[in-house]
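When the count follows numbering that gives the first Met the number 0, it moves up by one through the sequence shown with no breaks and lands on 463 for the last residue. C-beta: ideal position from N, C-alpha, C; glycine also. What you are looking at is a predicted structure, and each value in this text was computed from that prediction instead of being measured.
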Amino acid sequence: MPVPTLEEKPCTELKAYPVTVVPCREVTTSPNPEGDAYAGSAHTQKNAGKFNFGKHRKILAIATAALLFIGGGSIGAVQWLSYLTAHQETDDAYVTGHLHQISSRIDGTVEKVLIDDNQHVKEGQIIAILDPRDYQVKVNQAKAALDSAKRQANSAFTSINLANTTAQGNELSANGAVEDARATIAKAEAAVQESLAQIEHSKDDLVGKQAEVERAELDYKRFDDLAKDQAVSQQQADNAKRDFIVAEKARDMAQKQITQANAQYAQALEAVKKAKAQLIQTQGQVKLAKASQVQTEVNSKNYDVANAAIEEATAKLQEAALNLSYTTIVAPTTGRIGKKSVEVGQHVQPGQPLVTLVSDDLWVVANFKETQLEKMRPHQEVELKVDSFPGHVFKGTVDSVAPGSGSSFAVLPSDNATGNFTKIVQRVPVKVVFDKKSLGMYSDLLVPGMSVIVEVEVQNHKKA
């Protein structure tokens, strides 16, 4: 009896699906070599003819669709897995920026407030003005003190010049007097020597005159005796007497010259003493003149003190002018007024917050899990979706990764001591800056604190 066999024939191509043509099998009969081994019932022999393809078309379509669904799902799963590995996403992110607490640097009463809540201001724009009158008075006082210090310095400088000139003149005069005194001493000492020589000469002359007197006296006595004996004439006796008298007068004159020479000697000695005393006096004047140079140095010190007073007065004037400038409170940067707590007439103290200024420079802090940071690096492209604006996707780039996890900067960091450790995946803040072009009309609408979904493309980064 013939046995049904399957012959492979191509099935009709299903153009709706991109699949490869697979062979179908058709049932045919063939002789049975073993005879009656496959003999069956009459019903079996009746249906042992060709395979009914039309009856099983629906089953084949379902099977083919199932295969296509499984294949497409596999491809989609691979693509989705590839996307996940190339992107890192977190919704633990928020917009932040610089919040400037503007406060007064001096105490005073608010005179004017020139801003309002939520107002946009530019850098240097006046926010408030304090009453400047008290500080203007201090500036005027500082100016007066500076002028006084300058006048004192000028006076000290003039005193230096005067004292220096006087000291130099006195020293020159004293030195001249010293030279005159020395010359007088030399002249007086020469007079002493001359007097001594005159005394010696007068003594020698006296000795000669005395000898002449003694000779004339002897001649007079001899001629007088001879005249009495009329051995000589009376005239000769008178001549001898005259010569005796003349010799005595010459002796007396020589004696007077000695006395006069002694007096001149005494006067010369006195002149020497006076000259020496004058020398000592003039030398004292020289010392006084040199001492006046010390006064010049004192005046120089006073001038230095006056200059120091000028510097001090200048510093006080600068401080007063600076405090006066602080009465005008200006915006330190461009931004929007956030919290205004200053009003006209309010008395403010140094350091008291008046206004909170939110800078226009905003960015996003995204807290990624530490397991997401393997391929994350600066300058990678980022997509940002702000919850407040779900219909707009912002662009940005990774600016930097924080040097520590969020818990590292907590006020009370966790203590992972032995026996008290529970491993928790940490989150690390990542700074993301906006692409200015993608802000568009939202630049004035973004504010710090808004929630953001951050998606970083990390596929192009190769691990080091």
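Proximity to residue i [Cα-Cα], best of the options
i    : options                   : result
T327 : L113, L67, L59 and T89    : L113
D133 : A215, S324 and S147       : S324
L444 : H119, I69 and A253        : H119
I198 : S407, S450 and I257       : I257
S177 : Q280, P352 and K368       : Sequence check: residue 177 is Val here, not Ser. That would be Q280, whose Cα lies nearest to the Cα of V177.
A141 : P131, A320 and Q234       : A320
G475 : E310, K273 and K248       : An answer regarding residue 475 cannot be provided, because it is not within the stretch 0 to 463 covered by the chain.
E122 : D434, L353 and R335       : R335
G405 : H346, S232 and K368       : K368
F388 : S407, V451 and I58        : V451
V429 : F420, S399, K435 and T421 : S399
S103 : N322, P349 and I69        : P349
P131 : I105, N366 and A155       : I105
K186 : M252, A148, K273 and N117 : K273
V431 : G395, N322, L438 and Y441 : G395
F393 : V138, K436 and A60        : K436
Q284 : N174, F433, E269 and H346 : N174
R265 : D204, K422 and Q192       : In the sequence under discussion, the amino acid at residue 265 is Ala, which differs from the Arg named in the question. Residue Q192 is the option with its Cα nearest to A265.
D434 : E382, G390 and A196       : E382
Q282 : G390, N169, H346 and A210 : N169
H391 : G439, G403, K202 and Q351 : G439
Q135 : M375, E318 and Y441       : E318
Beta-carbon spacing of residue i, residue j below 7 Å
i    : j    : result
V343 : V109 : yes
S194 : A236 : no
R477 : V212 : Here the chain comprises residues numbered 0 to 463, so residue 477 is not present and cannot be evaluated.
L316 : L145 : yes
N298 : A162 : yes
T333 : D359 : yes
G96  : L361 : yes
V271 : E188 : yes
M449 : V385 : yes
V427 : A409 : no
V341 : A127 : yes
F243 : V231 : no
D224 : A239 : no
A180 : L278 : yes
P377 : V94  : no
E484 : E380 : Outside the displayed span of the chain (0 to 463) sits residue 484, for which this structure offers no information.
L353 : I101 : yes
A267 : A190 : yes
A92  : V424 : no
A152 : N301 : no
G312 : A148 : What sits at residue 312 in the sequence shown is Ala, not Gly. Yes.
D116 : K339 : yes
T464 : L98  : Examination of residue 464 is not possible in this model, given that the chain is present from 0 through 463 alone.
I184 : K286 : no
A166 : T295 : yes
Residues that residue i bridges to, as DSSP identifies them
i    : result
R426 : K368
T108 : H346
L383 : F393 and V453
F433 : G395
L268 : Its beta-bridge partners do not exist; DSSP assigns none.
A308 : Its beta-bridge partners do not exist; DSSP assigns none.
V120 : G334
Range covered by the beta strand (DSSP E) that runs through residue i
i    : result
S399 : F393 to V400
Q87  : H86 to S102
L129 : I125 to L129
7 Å Cβ cutoff, residue i in contact with chain B
i    : result
S299 : Here there is only one protein chain, and chain B is not present.
*Could you pull out every unbroken beta strand (DSSP E) segment of at least 3 residues lying fully inside the segment 317-380, listed in chain order?*
327-329, 334-339 and 352-368
*Complete runs of the alpha helix (DSSP H) confined to the segment 151-202 [at least 4 residues]*: none
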